[in-house]
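Presented below is the structure to which this report refers.
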Amino acid sequence: MRSPRLFSLLLLAVLLCLPFGVAQEPRKRNPFVQPPFGRRPAEKKAEPAAEAKDFANKPTAEQVRFFEAKIRPVLVEQCYKCHATDSEKIRANLTLDTRQGIRSGGDTGPTIVPGHPQKSLLIDVMTTKESERMMPPKQRLSDEVIADFKKWVEMGAPDPRDGVARVVVKNDIDIEKGKQFWSFQHPSKTKITISDAKGKSEVDRILADARVAKGLTTVAPADPVALIRRLYVDLIGLPATAEQVEAFVRNPTPEAYANVVDELLASPHFGERWGRHWLDVARYAESTGKAVNFNYPHAWRYRDYVIAAYNADKPFDLFVKEQLAGDLLTAKDDRDREENIVATGFLAIGSKNINERNRLQFELDLVDEQIDVFSQAFLGITAACARCHDHKFDPIPTKDYYALAGIFRSTETCYGTIRAVQGQHPSPLMTLPDSGIEDGLKPLSKSEVERLEKQLADLRQELRDLQRKSIQDSFLSVNGVRLRIQTATIEGRLSQYEKDGTPKRLAMGTRERFRTFNSPVYGRGEPDKPGEVVSRGFLQVMTDRQPTIRRGSGRMELANWVASPDNPLTARVYVNRMWLHLFGRGLVNTPDNFGTTGSAPSSQMLLDHLALRFMNDGWSTKKLIKELVSTEAYQLATTYEPKNFERDPENSLLWRMTPERLDAEVIRDALLAVAGNLNRSPAKGSPVHANGEGYAIPRGRPALFGGPPPEDTHRSVYLPIVRDNVPESLTLFDAADPNLIVGNRVNTTVPAQALFLMNNPFVIKQSDLVASKLITNFGSDSQRIREAYRMVYGRNPTNAEVETSEAFVAKYSARHTRRETWTAFAQALFGSAEFLMRN
Amino acid sequence: MFDRRQMLQTTGSGFGFLAFSALAHQAAAREAANPLAPKPPHFPAKAKRVIFLCMEGGPSHVDMFDHKPKLSSDDGKSYAGARGRVFGGKLLGSPWTFKKHGKSGIPMSELFPELARHADDLTMLNACYTDIPNHPQAFLQMHCGLFQFPRPSLGSWILYGLGTSNENLPGFVTISPPNNNGGPANYGSNFLPAIYQGTKIGGGGFGAYGGGGSGSVSNIKNPRQSTRDQRQQLDFMQELNKNSLQQTGHNPAVEGLIESYELAFRMQAELPKALDVSGETRKTLELYGIGSGGAAAGGRFGNAGGGPGGRRGGPDTFGRQCLMARRLIESGVRFVEVTRGGWDQHRNLKDDLAGNCESIDKPIAGLLADLKQRGLLKDTLVIWGGEFGRTPYAQGTDGRDHNSKGYTMWMAGGGTKAGFVHGKTDDYGHEAVEGKVHVHDWHATVLHLLGLDHEKLTYRHAGRDFRLTDVKGNVVKEIVA
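Residue numbers (this note's numbering), protein chains in the order written: chain A, 13 to 851; chain B, 862 to 1342.
This is the structure in structure tokens:
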């Protein structure tokens, strides 16, 4: 609907159809697609003259008899279920119950060419050997029936049936109508009315009004212990120590609270916690995933970039621009330039079907993945749905999809990987300036380089010998495959270093292609069905003006468009994400989908207020978080209250704080922290980096890849994230699956988690470390119990708890050593709700 | 069946919290919402559970089940249909002779002397086809319907659709799945809730950063505590949890946690029991071919097909796995998959294929006989097949290439026709020509046999309803008894 003329025509058409009413609504429809027209007399006028003449040829009586005896019963029996005016759901927009319908055809063109059975689609689908095209779909018609149909078409397809086909309108999406949807409208200050209430924040006042309307009352504020523990977990993802809790409990004033907030926001651990939230959305991983899984040895740089961005409170609009077009931004210095390049890793770290044989298919899939992540992460829109057809629910025509695709297809994505058995699409990587950022990769010594080169030369020689003997064996024999894998692996390792053994400074990212071009629309998304070429551009429903892309891919223009205060979605989607991580549920409960199939905001006013405020505050994440954790709503207790629960079980209006199990990373980090075993410094690089290019999941011989890594006690955000092989300690507790864009993790409680907490050596080891401290540092059982509570829960035990604990210790130690007893005791505390839950 | 009363009895006197009247109705409500609780199918159906014998690598149908006399008579002739690969291309008649078996006269090659006795129990799908003649894609597609996008696997969909009848065991178990060709995605739940994912037993346990890997079920056994010790510890822990619950009031997360510990505790006892075949009679063990070699090659849980060593392992390993499968479904597990790799005979066809078949022939025949004698075959769907078949033309002189255009899978029991052949490939067994069954059709049919309508078994994700069969799939009604 790019041309205004076309649009006005369509509008006219809408008006025309109004008086005639609307035919039965199909079950599920895109609200932005024009409803089907009723049967209207005007329809005949629209018929081309030739068709009209055909219609005038009245069939002879004999022809009618043939039709009635041989053709119509078959059509009724076999076809009408899906292809008749009154079908519940008309398939392929094709109706066969009128003469007009059968002649004009559906999505795939005219059904019959009178007189030419060979050219008639109807005969073709009846006789085809491809079962996916065959009609009727389940059972081939008998040869006899097919012969009748051929004969009938040969006769000129005489058809006595009157009536006008239900004209099935093509999915012409009405963009202007689409713009009326709430999320495509700009948040507006004038629509926000905040009642007066002294001393309350604006957020609280909006919530209070909304609660009144629903008859909800808030529960009491959280007690200081719960509150301060909540704050530590939420802001830095580490448990508060007993001393930290006590310091606040002694003086639980708003000022003291604000001081703790500031302190935590300034902690380097803040970025590790909140960066991880963004990595969920950015489907961060260090391998291609999919059928054959190859390493991304340089992905970790993007991880570190994100963590640093959160620690530096990088304005979100800049954060967006860097991730979409950092390579095109002007840099102050090398460090800045490095950051900008690494940021574009966002577009490169997606999963890839590296074993795809068709190059174009691979490219289109790669671009599709980019459109998917960019549109959901920043805009909360599932634009990738429009790859094969107009979006079924949102006002996004396929053309818009390919307008975006043109931008990404004019961009070169640099992700690495090697050519190897099943590795078909290696790409270059981005070379970084030397900015002094450490990457943890040690230079190879001269002898190491020589050893590897020698090994490589030997392998190549062996392979050549094998090839000379038998080309076939070199590809197919176990030995041949082994040689190829080993060769590729060493090549992959060496590709990380300069000739002298210095590690190369490489990154994943994007850059402009030499030539830019506009993409055709691919019919049903299939590479062999290119259609009309569309100019690069943005989603029409979210913009009044298409960009003028003068040179380059248009990525810079795209980034500016996304990161603009005029974009109705970017700020809303982001503040909703931040809200969700603090309150357990988004104001829009589908954080990656603000379209019509997403859920409506529980309070649009609140969402818009926050979005406007956020942009006004210079897109500052830390300011936003501070505002949110300072609200009364955030500081409520988790108390269950039946009346409120009945009215608002999801707690969408925050009548209390929702209790939840801790995130996977927090559980693991807290175990390590309590045991005094957490390495609090950031990891340098990643084990995947050290492994180099090659297969992420070993094929054939494990020995090639070394065993599992030694115990890694860094914070969980630094653990290697290999697709389909994420550490168990994370996946079991619902860490984000990096194959998906995860705005909102699920929060399950399953026996596999219990088994982990009961039996996993990692958990037992941390419990053992706690036991060792208790035994060494404290003399009596009651002291040890007290200390264990302080270490694990950050508080002293009650008298009753001391009693229960003493009883357990007495019972258990009757048959176990002291060390075993205290390990079992500590493990029980770790496995308990108080440790695992955030209250 | 999981039963509240039983559970309270078995969980010990120190653990009566569920009896608290204040909690009783909430617990009941929770049970109603238990995602694993058995659910009625969409329509009545015979099959209640599935054993999928997954042959990773692409078994050569023209040497096993799809008899092609013309291929033998044209042996050595060049073949126009051979393309894509550089090597060979001459037609290769099967080195094995075929005979018709049973009343149904289903042809099978001499590679399956034992299975042949069960010809009248089988429904052959001789015209299967898939999209891509490449292991990773085809293997993923066989499990998840698509390979382009990550999707939940067949077993997860079935568990989601029907729930499971023994809560002390996982509802979907996969024995010795491969690490590559999509790895865990082949038994992953993807966007379905995590509870529906497959529980891996043994298999290519080596993953650089994966957990478990010890050749058994992850974390199923405590490395140091006895059951009694652990019960004591657990009682203490549950007391702590009970205190938390009393403080916050109704809290599904804590209640769920309490229950998950009890389930896990029972699972620790039940799962190894279900997998332990040592209590089976000698007769049963012999029936499955257990004890007749091969144990050393793969180990008890080992992936027999993982490497060259496993190829001629004899029937012991696979026999044990089949017996475990029977024990699992007998205990109420909904979907059990057993993977046997090593069917990728680009070369060494004569030796390797014979070895492979020997290692599965007796176990499968034993499984069918055993299921039958226990009255389980009528409502257990047994499926055999791999991600594609092999070409009628040779690679070199003693090998065959991947063939996605036509191959054989078969089913037995669970409401399928007994002694029935559906579909046909061309004269050489290269391309399916009649009664074609695409992977989507196969999925639709499996679901249908379980009483699930593949168009109705949907899950809402990212704003739309997803299905195992995407937008495709036709039930092969012809094979339904």
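Quick reminder that beta carbons are idealized off the backbone N, C-alpha and C, glycines included. These figures come from a predicted structure and were not determined experimentally.
Between which two residues does the beta strand (DSSP E) carrying residue i extend?
i, result
"B/Cys1218", "Taken as a continuous stretch (DSSP letters only), B/Cys1218 belongs to no beta strand (DSSP E), being part of the alpha helix (DSSP H) at 1215-1234."
"B/Ile967", "967-970"
"B/His1283", "1281-1283"
"B/Thr1060", "1060-1062"
"A/Gly543", "542-545"
Can you name the residues that DSSP bridges to residue i?
i, result
"A/Cys94", "According to DSSP, A/Cys94 bridges with nothing at all."
"A/Leu293", "Per the sequence shown, residue 293 of chain A should be read as Val rather than Leu. A/Val293 pairs with nothing; no bridge assigned."
"B/Met1272", "B/Thr984, B/Ile1244"
"A/Ile367", "Inspection of the sequence shows that residue 367 of chain A is occupied by Asn rather than by Ile. Note: A/Asn367 sits in no beta bridge, so no partner."
"B/Tyr1320", "B/Phe1327"
"B/Arg1261", "B/Ala1255"
"A/Ala432", "A/Gly435"
So, helix, strand or coil for residue i, using DSSP?
i, result
"B/Ala988", "strand"
"A/Ile419", "helix"
"B/Ala1305", "helix"
"B/Thr1200", "strand"
"A/Cys397", "helix"
"A/Tyr652", "coil"
"A/Leu518", "strand"
"A/Gly121", "strand"
"A/Asn572", "helix"
"A/Met442", "strand"
Given this structure, state the Cα-to-Cα distance separating residue i from residue j, to the nearest angstrom.
i, j, result
"A/Asn323", "A/Arg850", "23 Å"
"A/Val125", "B/Lys929", "40 Å"
"A/Thr356", "A/Asn365", "20 Å"
"A/Thr867", "B/Leu1106", "Residue 867 of chain A lies beyond the residue range present for chain A, which begins at 13 and ends at 851; the question has no answer from this structure."
"A/Ala343", "A/Phe390", "23 Å"
"B/Phe1010", "B/Gly1043", "11 Å"
"A/Val585", "A/Pro603", "7 Å"
"B/His979", "B/Thr1277", "14 Å"
"B/Lys1144", "A/Arg735", "45 Å"
"A/Glu80", "A/Pro71", "12 Å"
"B/Ser933", "B/Leu953", "7 Å"
"A/Pro60", "A/Arg173", "Summary for A/Pro60: the model assigns pLDDT 40, below 50, so the residue's position carries little reliability; its value from the coordinates is reported in the next sentence. Approximately 19 Å between the Cα atoms of the pair."
"B/Gln1094", "A/Ala311", "42 Å"
"B/Thr1060", "B/Trp1271", "25 Å"
"A/Ala68", "B/Trp1303", "No answer about A/Ala68 holds up, because its pLDDT of 45 lies below 50 and its placement is not dependable."
"B/Arg997", "A/Phe78", "The question names Arg, but residue 997 of chain B in the sequence shown is Pro. Looking at the two C-alpha atoms, the distance is approximately 53 Å."
Which first and last residues belong to the alpha helix (DSSP H) in which residue i is found?
i, result
"A/Pro773", "773-789"
"B/Leu914", "Looking at the DSSP string, B/Leu914 is not in any alpha helix (DSSP H); the run it does join, the beta strand (DSSP E), is 910-916."
"B/His962", "Note, B/His962: premise wrong, no alpha helix (DSSP H); beta strand (DSSP E) at 959-962."
"A/Ala583", "582-595"
"B/Pro930", "930-934"
Strictly under 8 Å for the Cβ-Cβ distance: is residue i near chain C by that measure?
i, result
"B/Arg1187", "This model lacks chain C altogether, as its protein chains are A and B."
Three or more C-beta pairs under 8 Å: does that hold for the segment 510-525 of chain A against the segment 492-500 of chain A? no
Contact the segment 450-458 of chain A vs the segment 594-607 of chain A: 3+ CB pairs below 8 Å: no
Would you check if there are 3 or more beta carbon pairs closer than 8 Å linking the segment 765-780 of chain A to the segment 1078-1088 of chain B? yes
Does the segment 965-980 of chain B come close enough to the segment 272-282 of chain A to have 3 or more Cβ pairs within less than 8 Å? no
So, does the segment 915-928 of chain B touch the segment 1256-1270 of chain B, judging by three or more C-beta pairs under 8 Å? yes
Within 8 Å, do at least three Cβ pairs link the segment 736-756 of chain A to the segment 1104-1119 of chain B? no
For the structure I just gave you, are there three or more beta carbon pairs, one from the segment 264-272 of chain A and one from the segment 282-295 of chain A, closer than 8 Å? no
With three or more beta-carbon pairs closer than 8 Å as the criterion, would you say the segment 1014-1029 of chain B touches the segment 1306-1321 of chain B? yes
The segment 673-682 of chain A / the segment 408-428 of chain A touching (three or more Cβ pairs under 8 Å): no
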